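Residue numbering for the sequence shown is 343 to 422, as defined by this note's numbering. Notes follow the structure.
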Amino acid sequence: SLAVGHQYTSLGTQPILCSSIPGLVPKQLRFCRNYVEIMPSVAEGVKIGIQECQHQFRGRRWNCTTINDNLAIFGPVLDK
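Structural data, given as C-alpha cells:
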C-alpha cells in the first residue's frame, strides 16, 4: 500500500521507506520515491544478480563481494 509522499510501500508487513535505504544518491532516491511500488522487485533483482555474479566468479580474487560480504545491500529495510 502507498502512503504519504509515495515513499512507502509494503513488503510483507514491513513498510519500506526510501530514505532509509543506505547508499542511494539523490537520483536513485528520486527513482525510489517515484516508483516505490516496484522497489521490492528491484531489491529481489539485485539480490539475484549478486548471487549469480558471485557464483560465476567464485574462486577468483574479485567475486562480486558486497560490503561486509552481505547480500543485504539495501540494508534491513528490504532484507527479507
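All C-beta atoms, glycine included, are put in the ideal place defined by N, C-alpha and C. Only a predicted model underlies this, so the values are computations on that prediction, with no experimental measurement involved.
| Asked | Found |
| --- | --- |
| Reference Asn376; option with closest CA among Arg400, Pro364, Leu359 and Glu394 | Leu359 |
| Status (buried if at least 16 other CB within 10 Å, exposed otherwise) for Val378 | buried |
| C-beta contact flag for Cys374 and Ile363 at 8 Å | yes |
| Segment limits, alpha helix (DSSP H) that includes Glu394 | Met381 to Gln398 |
| Whole-angstrom distance between Ala385 and Gln398, CA atom to CA atom | 20 Å |
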